[in-house]
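So the structure is just underneath, and the comments pick up after that.
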Amino acid sequence: MSTEIFMDLHDLLVQRYGLESSMHMDTKEMLAIFLYTVSGNESNRRGQNRFKHSGETISRKIDEVLNALMAMACDFIRPKNPNFPSTHKRIRDDRRTYPHFKDCIGALDGTHIRDSLSPEDQVRYIGKTGIPTQNVLAVCDFDMRFTYVSTGQPGSMHDTSVLYNAIKVDETFFPHPPQGKYYVVDAGYPNRPGYLSPYKGERYHMPEWHRGTKPKTPMERFNRIHSSIRNVIERSFGLLKMKWQILYKVPSYPMYKQKIIVVATMVLHNFIREHGGDEDFARFDRDPNFIPTIPERYNKYVVPSSASDASTSAPNAPTMDLFRDELAIVVSLAWK
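Numbering (the numbering used here), first residue to last: 1435 to 1770.
Below, the structure is given as structure tokens:
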């Protein structure tokens, strides 16, 4: 984060979201302590050594910044315009996606964040990988901004169930697609109005295309384009975890705090993006195939990709299947 972005973030937290200095620490140092902790997943002990404050003070100031960022989340984790009146340039400037996917407004997916829980609390959070995780659902737009997040659902919960729960619980502010618009989702979700999924049983993920032959059938061509569009959510998750390494191994905080740390990092992610980005964002913008490097010390903490559900048994909507079939035909006819 540049000095300019740091100061803009600091001033906003102070002026609008209630961050206040104390007798022995000003707000700039409080923010610095928080960013130091979440960016490098630094321990309280290392924070004490770096900033020369007691462990209790370090912990308390982290909580104060965290509360200010949570207040900020309502304004920063949301669509720029909930009506999505125009087609994003990411779609508009690509001859393979436009005009076929002109009504696509973003991508939706889940990612698993490893939890730190006592043995007696771990059971309900342990999914297919055998480790406790929270299944985090997020929506992002084509600027790599998160527009919605739901945290805290157990890793054992199916992606589709997490989505349905989020729609029910957050009904008033879930960014529902307007009539005729849709998010792209993977095969872990059903093909329903507002949520366009790929064809199952066909090649889909980017490495499969790089290793194999070019797509030939309408379904393969549809999946190829769908995958390239939905890649924005995978890249957003990758950048989020690369910048805020606390997400690889959240410390043994209470569960409510582990949940809101995820939200806070997304607020920071969006704030940096809206303020011109930084070198990390620039690297993603330059190379659409860039894959973040996982720090070696976190290799053993990475949640396997098998944690996410590869398919769903929930039924598709016949009208959405028909829409997808018609779109696949149009895409195939225009393929060059």
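The beta carbon of each residue, even a glycine, is placed where N, CA and C say it ideally should be. Since the structure is predicted, the reported quantities are computational estimates derived from the model, not experimental observations.
Sorting M1591, N1569, K1634 and T1521 by C-alpha distance to the C-alpha of D1620 places K1634 at the top. Going by DSSP, N1569 is part of the beta strand (DSSP E) stretching over T1567 to C1574. Taking the Cα positions, Y1735 is about 8 Å away from R1548. Bounds of the beta strand (DSSP E) holding F1580 are F1580 to P1588.
Secondary structure at I1439: helix, using DSSP grouped into helix, strand and coil. In the DSSP annotation of this structure, the continuous segment of the alpha helix (DSSP H) that includes A1600 starts and ends at D1593 to V1603. When the Cα atoms are used, S1473 and I1663 turn out to be separated by approximately 28 Å. Across the structure, H1660 and A1748 are spaced so that their CA atoms are roughly 20 Å apart.
DSSP places V1736 outside both helix and strand once states are collapsed to three, so it counts as coil.
Per DSSP, L1681 lies in no alpha helix (DSSP H) and is assigned neither H nor E. With respect to the 8 Å criterion, G1589 and P1566 are classified as neighbours on the basis of their beta carbons.
Assigned with DSSP and collapsed to three states, T1545 falls in strand.
Each of S1488, V1583 and V1618 was checked against the Cα of E1605, and the nearest Cα belongs to V1583.
A check of alpha carbon separations from H1458 across E1438, K1495, F1440 and R1480 identifies K1495 as the nearest.
The Cβ-Cβ distance between G1622 and T1594 falls below 8 Å. A check of alpha carbon separations from R1717 across T1699, K1677 and P1738 identifies K1677 as the nearest. Within the same chain, and ignoring the five residues on either side of L1503 in sequence, the residues whose Cβ sits closer than 6 Å to its Cβ are A1698 and V1701. With fewer than 16 neighbouring CB atoms inside 10 Å of its own CB, M1441 falls in the exposed class. Annotation: F1576 to P1652 spans about 25 Å, alpha carbon to alpha carbon. About 6 Å separates the Cβ atoms of G1544 and S1742, confirming a contact at the 8 Å cut-off. Around D1537, the same chain offers G1614, K1615 and Y1616 as residues with beta carbons nearer than 7 Å, after the five sequence neighbours per side are excluded. Between I1667 and A1541, the C-beta spacing is below 8 Å.
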